[in-house]
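Novice: Dumping the structure here so I can ask a few things about it.
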Amino acid sequence: MKKLQVFFLLAVLFSFSCVNRARENSNSAYTGPIIDMHMHAYNTPNPLFGEASNPVTGEKRYGSENPASHKEETFEIMEKHNIVLGVVSSPDGKNKVLKEWSRSKPGKILIGQSVVDPDKLNADSVRLYFKRGDVDIIGEVMPNYAGILPNDQRLKKVFDLAEELEVPIGFHLFPGGPAGGAYFAYPLTRASQAKPLQMEELLISHPKVKVYIMHAGWPFLEDMKALMYAHPQVHVDVSVISWNLPRQEFHNYLKGLVDAGFAKRIMFGSDQMTWPAEIANGIEAVNAAPFLSIQQKADIFYFNAANFLELPKGVINQHQNSMVHK
Ligand SMILES: [Zn+2]
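The sequence shown: position 6 = 5 (numbering that gives the first Met the number 0), numbered continuously.
Structure follows, in structure tokens:
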């Protein structure tokens with residue numbers, strides 16, 4: 000975490016803090032600063048750009064046209080919704096574009112190192128990136144796309160590296176791609192690879208590594224509650240389930256975690272992929288949850304991630320004083 004602290008000290012120097020304190024005046028929509036724990040940037044165009052179908056409903060969903068417009072549109076939404084920090088990774092694992100993002104938005108981008116197949120992870124390269132300040136967390140870790148289960152011993156290498164570098168891990172379990180994706184997009188994925196309790200041995204053997212489960216382990220609520228109860232270092236982000244599931248299903252799942260006492264370990268993430276507008280939809284979906292108090296919303300949108308990332312107090316104060324651009 001030391002590296003992160005240096006990063007944020009620099010961020011304070013770079014940032015242009017505004018003066019108005021974000022205030023909540025009702026028990027409704029949260030309008031303060033937001034940390035998005037799950038964003039993506041792209042080095043090259045991929046099939047998701049342009050027109051694509053909604054993964055759930057099949058309706059047309061217009062995404063960014065190319066990597067450059069995707070960056071611009073994502074930044075616009077970050078400004079509009081007061082997203083003061085984004086954890087960004089590139090699905091192809093190449094960090095060039097992430098450095099560009101970080102340079103364009105000093106102090107507002109944390110770089111994640113993607114891992115699909117742990118056998119292909121070059122630990123020495125990641126060590127070097129880390130030394131140069133080009134890696135802040137290890138994630139998105141998504142072995143399901145390589146047909147690898149969360150209890151596979153090959154993942155030990157990823158956790159060893161996180162432990163050595165003292166960085167957190169963002170780990171993807173499910174849903175992973177559109178419904179039915181195994182039949183047309185991701186042939187190696189299986190729903191049975193996604194059971195959260197399969198992570199237990201990795202967690203037990205690396206107790207110092209902080210982990211957040213991307214998409215909150217949906218739909219395995221009981222497993223997820225057990226995992227969070229048994230392993231206090233486990234957090235979750237809401238990501239894609241906030242905008243690609245029927246709203247009621249998202250709320251039911253979120254409520255299940257909140258009712259079980261984990262409201263301090265749930266973080267906002269968008270997983271916007273090539274659809275930056277989904278960031279706003281995800282924010283709206285959390286804000287619309289009738290069972291959340293305004294303090295719980297503030298925790299989910301900001302404070303839980305600030306604690307998880309161990310942001311220095313000065314940075315938290317600066318974020319809290321940032322202006323709402325709405
Ligand atoms: Zn993702």
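All C-beta atoms, glycine included, are put in the ideal place defined by N, C-alpha and C. This structure is a prediction, so every number in the text was calculated from the model and none was measured.
Shorter than 7 Å, the distance from the beta carbon of E139 to the closest heavy atom of ligand 1, or not?
Specialist: Taking the first residue of the sequence shown as position 1, residue 139 is located at position 140. Because some heavy atom of ligand 1 lies under 7 Å away, the Cβ of E139 counts as near it: yes.
Novice: Pull up the DSSP beta-bridge partners for M213, would you.
Specialist: On the sequence shown, position 214 is the one that residue 213 refers to. Note: M213 sits in a beta bridge opposite H171.
Novice: How about the region 199-207 and the region 172-184: do they share at least three Cβ pairs that are nearer than 8 Å?
Specialist: The answer is no - the region 172-184 does not touch the region 199-207, with fewer than three Cβ pairs under 8 Å.
Novice: Would you grab the beta carbon distance between P117 and P90 for me? Rounded to a whole angstrom, and I think it's under 8 Å.
Specialist: Here residue 117 refers to the residue found at position 118 of the sequence shown. Here residue 90 refers to the residue found at position 91 of the sequence shown. Rounded, the Cβ-Cβ distance is 16 Å, inconsistent with contact.
Novice: Using only CA atoms, which one of Q152, H318 and H234 lies nearest to H171?
Specialist: Working through the sequence shown from its first residue, we reach residue 171 at position 172. When each option's Cα is compared against that of H171, the closest is H234.
Novice: Straight-line CA distance for K95 to N42?
Specialist: Locating residue 95 in the sequence shown gives position 96, counting from the first residue. Locating residue 42 in the sequence shown gives position 43, counting from the first residue. Computed Cα separation, rounded: 7 Å.
Novice: Entirely within the region 82-125 and at least 4 residues each: give me those alpha helix (DSSP H) ranges in chain order.
Specialist: Runs of the alpha helix (DSSP H) inside the region 82-125: 95-103.
Novice: Between the Cα of K104 and those of S68, F74 and K93, spot the shortest distance and give me the residue it belongs to.
Specialist: Within the sequence shown, the letter at position 105 stands for residue 104. The shortest Cα separation from K104 among S68, F74 and K93 belongs to F74.
Novice: Does the Cβ-Cβ distance between L291 and V239 come in under 8 Å?
Specialist: Residue numbering aside, residue 291 sits at position 292 when the sequence shown is read from its first letter. Residue numbering aside, residue 239 sits at position 240 when the sequence shown is read from its first letter. Against a cut-off of 8 Å, the Cβ pair of V239 and L291 comes out as no contact.
Novice: Please report the residue range of the beta strand (DSSP E) in which H205 lies.
Specialist: Numbered from 1 along the sequence shown, position 206 holds the residue referred to as residue 205. No beta strand (DSSP E) holds H205; DSSP gives it neither H nor E.
Novice: Taking 7 Å as the cut-off, is the CB of M213 close to at least one heavy atom of ligand 1?
Specialist: As a working note, residue 213 is residue 214 in the sequence shown. M213: yes, Cβ under 7 Å from ligand 1.
Novice: Is H234 near ligand 1, with its Cβ less than 7 Å from a heavy atom?
Specialist: By 1-based counting over the sequence shown, the position of residue 234 is 235. No, since every heavy atom of ligand 1 falls outside the 7 Å radius drawn around the Cβ of H234.
Novice: Specify, as a first and last residue, the run of the alpha helix (DSSP H) that S52 falls within.
Specialist: For this step, residue 52 is matched to residue 53 along the sequence shown. Unbroken run through S52 is the beta strand (DSSP E), E50 to S52; no alpha helix (DSSP H).
Novice: Taking the C-alpha atoms as reference points, what is the distance between N303 and R264?
Specialist: As a position in the sequence shown, residue 303 is number 304, starting the count at 1. As a position in the sequence shown, residue 264 is number 265, starting the count at 1. Whole-angstrom Cα-Cα distance: 6 Å.
Novice: Taking 7 Å as the limit between beta carbons, can you name the residues of its chain near R22, skipping five residues before and five after?
Specialist: By 1-based counting over the sequence shown, the position of residue 22 is 23. Residue placement at R22 is poorly supported in this model, since its pLDDT is 40, which falls under 50; the coordinates still yield a value, given next. Excluding sequence neighbours, R22 sits near nothing in its chain.
Novice: Closest to V157 by C-alpha separation, out of V125, E78, L253 and I82, would be which residue?
Specialist: Stepping through the sequence shown from its first residue, residue 157 is reached at position 158. The option with the nearest alpha carbon to V157 is V125.
Novice: So Y211 packs on G169, CB below 8 Å; how close in whole Å?
Specialist: In the sequence shown, the residue the question calls residue 211 occupies position 212. In the sequence shown, the residue the question calls residue 169 occupies position 170. Confirmed, about 5 Å.
Novice: Give the DSSP-derived three-state secondary structure of D151 in the structure shown.
Specialist: Position 152 of the sequence shown, counting from 1, holds the residue named residue 151. Coil, per DSSP.
Novice: Just how far apart, CA to CA, sit L127 and S88?
Specialist: Residue mapping note: residue 127 aligns to position 128 of the sequence shown, counting from 1. Residue mapping note: residue 88 aligns to position 89 of the sequence shown, counting from 1. Those two C-alpha atoms are separated by around 17 Å.
Novice: My understanding is that P275 touches E72, with C-beta atoms under 8 Å, so please give their C-beta distance in whole angstroms.
Specialist: Taking the first residue of the sequence shown as 1, we reach residue 275 at position 276. Taking the first residue of the sequence shown as 1, we reach residue 72 at position 73. 4 Å between Cβ atoms; contact.
Novice: In whole angstroms, what is the alpha-carbon distance linking G106 and L84?
Specialist: For the purposes of this step, residue 106 is identified with residue 107 of the sequence shown, where counting begins at 1. For the purposes of this step, residue 84 is identified with residue 85 of the sequence shown, where counting begins at 1. Going from the Cα of G106 to the Cα of L84 covers about 8 Å.
Novice: Name the two residues that bound the continuous alpha helix (DSSP H) containing R189.
Specialist: The residue labelled residue 189 in the question sits at position 190 within the sequence shown. Note, R189: premise wrong, no alpha helix (DSSP H); not H, not E.
Novice: With respect to 7 Å, is the separation between the Cβ of D270 and the closest non-hydrogen atom of ligand 1 below this value?
Specialist: Position 271 of the sequence shown, counted from the start, is the residue given in the question as residue 270. At least one heavy atom of ligand 1 is nearer than 7 Å to the Cβ of D270, so yes.
Novice: Return yes when at least one heavy atom of ligand 1 lies under 7 Å from the C-beta of H171, else no.
Specialist: If you number the sequence shown from 1, residue 171 lands on position 172. Yes, the Cβ of H171 comes within 7 Å of a heavy atom of ligand 1.
Novice: Can you tell me whether V301 is buried or exposed, with buried defined as 16 or more other CB within 10 angstroms of its CB?
Specialist: Position 302 of the sequence shown, counted from the first residue, corresponds to residue 301. Looking at the sequence provided, one finds Tyr at residue 301 rather than Val. With 16 or more Cβ atoms within 10 Å of its Cβ, Y301 is classed as buried.
Novice: Going by DSSP in three states, G260 sits in which element: helix, strand or coil?
Specialist: Position 261 of the sequence shown, counted from the first residue, corresponds to residue 260. Coil.
Novice: Please state the DSSP three-state secondary structure of D159.
Specialist: Along the sequence shown, read from residue 1 onward, the residue named residue 159 stands at position 160. Note: D159 maps to helix in three-state DSSP.
Novice: Could you tell me the alpha carbon to alpha carbon distance between D151 and E283, rounded to whole angstroms?
Specialist: Indexing the sequence shown from 1 puts residue 151 at position 152. Indexing the sequence shown from 1 puts residue 283 at position 284. D151 and E283: Cα-Cα distance of roughly 37 Å.
Novice: Can you pull the DSSP bridge partners for K59?
Specialist: The sequence position of residue 59 within the sequence shown is 60, counting from 1. K59 is bridged to S52.
Novice: May I ask you to check if the CB of H69 is nearer than 7 Å to at least one heavy atom of ligand 1?
Specialist: Walking along the sequence shown from the start, residue 69 turns up at place 70. It does not: the Cβ of H69 is nowhere closer than 7 Å to a heavy atom of ligand 1.
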